[in-house]
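Read through the structure below, which is laid out as C-alpha cells, and then see the notes.
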Amino acid sequence: MRLPPLNAVRAFEAVCRHGSILKAAEELNVVRGAVRQQIATLENHFGRKLFTREGRRLVPTREASAFAEASGVAFDTLHRAALEFGSVGTRRIRLGVPSAFAVWWLMPRVGDMQASLGDIAVDIVPMTVAEPLQMHPELDAVIMGGEYRPAAGITALRFMADQFGPVATPALAGMLSKDPAAMGALTMLVSRSVPKLWDEWFAESGTPPVDFCRRQEFEDLLLALSAARSGLGIALAPRASIEDDLERGQLVAPYGFISRPSGYSLCYRALDARRPAFAALSTWLLHSGAEV
C-alpha cells in the first residue's frame, strides 16, 4: 500500500491528540475546513471512516486510535532526526515541570543541576496542569507525578518516590482531633490541576471521605498551598512540594503522610535516550531524588 499523504496524517494526528478539530487547526495554523478536508482525504485513502460521532464529539475508531499513536511516534522521530541532522538544540532541553514541583523542589536545586550538567541548558517550563509529553510537541521532556503509564515511544524514568497528606497551619491543625473526620470543620482547598488528589488520599490512606463544611477551588496547586499557608483551610500536598514549609513550621501534617511509590518520573521520547544531554539530566535527577 502506498503511504498516505503526510499533511493528511499530520492533521489527523493533531485532531486525535487534541480531541478537537478547532484546536488541531489552531496548532497547524489553518482553518477548520482545511483540517476537515485532510481528514476526508485520509478516509478516502484508507477507504474507511476514521471517526464516529458521539453527540458533537468526533471519536476515533479503535484502529484509527492505534494509527494516530503510531503517527505521533513517527512525527516525533522525524522531528528529532531533523534536529540532529541540523545540529540544532542538541545541548538544550525544554523541560515541562508541574508548577508547585518546580517552585519548591526543582528551583532550589537548579544551581546544583546546572553545575552538574555543564554546558547543557535546561529551559524549565512551568505547567499549571501536568500533561503527558505526547500532548506537548514543543517540549523535550516532562516531569510527571503519581500513577502514569507512558505512551508508545515515551520512556518514563522514575527518579524519586514521594509522600502526600493533608496540611494546614499549626493554628488550624491544633483545632483538629485525632479523627480525620474533624477536618470537616475546615475549608477543603482543592487544586483544579490535580482535582482527584483528595479522592486518592482517602482511598490510599484508608480514610473514609470527609464531609467538609466548605470547598474552595484554585487554578493550580501553587495557589491552593498558598491559601493553606495563609490559614484559609486545609490542602492536600505532595511532601516534596512543601519541604521548606515543614522545616519552618509554617505548615504541618496533622495526620502524617502516606507513601506514594509511583513518585515522580522524567518522561522523554525513546529516541532521545541515547543523547548525552538526556543521560546527564537523568543521572542528576536520580542522584538528587535519592537524597530526599
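According to full-length UniProt numbering, the stretch in the sequence shown is residues 1 to 292, in order.
Even for Gly, the Cβ is constructed at its ideal location relative to N, Cα and C.
Where Thr187 falls, given that 16 or more other Cβ within 10 Å makes a residue buried: Numbered from its first residue, the sequence shown carries residue 187 at position 187. Result: buried.
Using C-beta distances below 6 Å, list every residue in its chain close to Met113, excluding the 5 sequence neighbours before and after it, in chain order. Position 113 of the sequence shown, counted from the first residue, corresponds to residue 113. Excluding sequence positions up to five before and after Met113, its CB lies within less than 6 Å of the CB of Trp284, all in the same chain and listed in chain order.
Counterpart residues of Ser241 in DSSP-defined beta bridges: Position 241 of the sequence shown holds residue 241. Note: Ser241 sits in no beta bridge, so no partner.
Figure out for me which residue from Arg260, Asp199, Ala152 and Ala8 has the closest Cα to the Cα of Glu43. On the sequence shown, position 43 is the one that residue 43 refers to. Comparing Cα-Cα distances from Glu43 to each of Arg260, Asp199, Ala152 and Ala8, the minimum goes to Ala8.
How is the alpha helix (DSSP H) around Ser191 delimited, first residue to last? Position 191 of the sequence shown, counting from 1, holds the residue named residue 191. Where Ser191 is concerned, there is no enclosing alpha helix (DSSP H), although the beta strand (DSSP E) it sits in stretches over Thr187 to Ser191.
Pro166 lies in the beta strand (DSSP E); which residues open and close that run? Counting from 1 along the sequence shown, the entry for residue 166 is found at position 166. For Pro166, the enclosing beta strand (DSSP E) stretches over residues Ile154 to Val167.
Bridge partners - Met144, DSSP secondary structure assignment: For the purposes of this step, residue 144 is taken as residue 144 along the sequence shown, with counting starting at 1. Met144 pairs with Ser265.
Exposed unless 16 or more other CB atoms sit within 10 angstroms - verdict on Arg56: Here residue 56 refers to the residue found at position 56 of the sequence shown. Exposed, since its Cβ has fewer than 16 Cβ neighbours within 10 Å.
Can you find at least 3 beta carbon pairs, one from the region 188-203 and one from the region 230-247, that sit closer than 8 Å? yes
Thr61 (DSSP reduced to helix, strand or coil): Position 61 of the sequence shown, counted from the start, is the residue given in the question as residue 61. In this structure, Thr61 counts as coil in the three-state DSSP scheme.
Limits of the unbroken alpha helix (DSSP H) element including Arg17: Within the sequence shown, residue 17 is the residue found at index 17, counting from 1. Here the alpha helix (DSSP H) through Arg17 covers Leu6 to His18.
Distance CB(Leu133)-CB(Cys267) smaller than 8 Å: As a position in the sequence shown, residue 133 is number 133, starting the count at 1. As a position in the sequence shown, residue 267 is number 267, starting the count at 1. Yes. Within cutoff.
In terms of alpha-carbon separation, which member of Thr77, Leu22, Leu246 and Gly19 lies closest to Asp272? For the purposes of this step, residue 272 is taken as the residue at position 272 of the sequence shown. Checking every option, the nearest Cα to that of Asp272 belongs to Thr77.
Boundaries (first-last residue) of the alpha helix (DSSP H) holding Leu251: What you label residue 251 is simply residue 251 of the sequence shown in a count that begins at 1. Where Leu251 is concerned, there is no enclosing alpha helix (DSSP H), given that its DSSP letter is neither H nor E.
Taking Glu13 and Phe75 to be in contact with their CB atoms under 8 Å, please state how far apart those CB atoms are, rounded to whole angstroms. In the sequence shown, residue 13 corresponds to position 13, counting from 1. In the sequence shown, residue 75 corresponds to position 75, counting from 1. Between Phe75 and Glu13 the Cβ distance is about 7 Å, and since that is below 8 Å, they are a contact.
Just how far apart, CA to CA, sit Ser259 and Ala161? Counted from its first residue, the sequence shown places residue 259 at position 259. Counted from its first residue, the sequence shown places residue 161 at position 161. One C-alpha to the other measures close to 8 Å.
Kindly indicate which three-state DSSP category Ser282 falls into: helix, strand or coil? Against the sequence shown, residue 282 aligns to sequence position 282. Reduced to three states, the DSSP call for Ser282 is helix.
Other residues of its chain near Tyr255: CB distance less than 7 Å, five sequence neighbours each side excluded: Position 255 of the sequence shown, counted from the start, is the residue given in the question as residue 255. Excluding residues within five positions, the ones whose Cβ falls inside 7 Å are Gly165, Pro166 and Pro180.
How do the region 216-226 and the region 139-154 stand: do at least 3 beta-carbon pairs fall below 8 Å, yes or no? no
For the beta strand (DSSP E) containing Gln216, list its first residue and its last residue. As a position in the sequence shown, residue 216 is number 216, starting the count at 1. It spans Arg214 to Phe218 - the beta strand (DSSP E) in which Gln216 sits, taken as one unbroken run.
Excluding five sequence neighbours on each side, which residues of the same chain lie with their C-beta closer than 6 Å to the C-beta of Cys16? Residue mapping note: residue 16 aligns to position 16 of the sequence shown, counting from 1. Only Pro60 and Ala68 meet the Cβ criterion.
Determine the closest residue to Thr41 out of Ala25, Leu6 and Arg269, with distance taken between C-alpha atoms. Here residue 41 corresponds to residue number 41 of the sequence shown, with the count starting at 1. When only C-alpha atoms are compared, the closest one is Leu6.
Other residues of its chain near Ala182: CB distance less than 7 Å, five sequence neighbours each side excluded: For the purposes of this step, residue 182 is identified with residue 182 of the sequence shown, where counting begins at 1. Leu176.
Apply the 10 Å Cβ neighbour rule to Ala171 and answer buried if 16 or more other Cβ atoms are within range, or exposed otherwise. The residue labelled residue 171 in the question sits at position 171 within the sequence shown. Ala171 is exposed by the Cβ-count criterion.
Whole-Å CB distance - Ala280 paired with Leu117, under 8 Å assumed: Working through the sequence shown from its first residue, we reach residue 280 at position 280. Working through the sequence shown from its first residue, we reach residue 117 at position 117. Between Leu117 and Ala280 the Cβ distance is about 5 Å, and since that is below 8 Å, they are a contact.
Are the CB atoms of Leu95 and Asp123 within a distance shorter than 8 Å? In the sequence shown, residue 123 corresponds to position 123, counting from 1. In the sequence shown, residue 95 corresponds to position 95, counting from 1. Yes, they are a contact pair.
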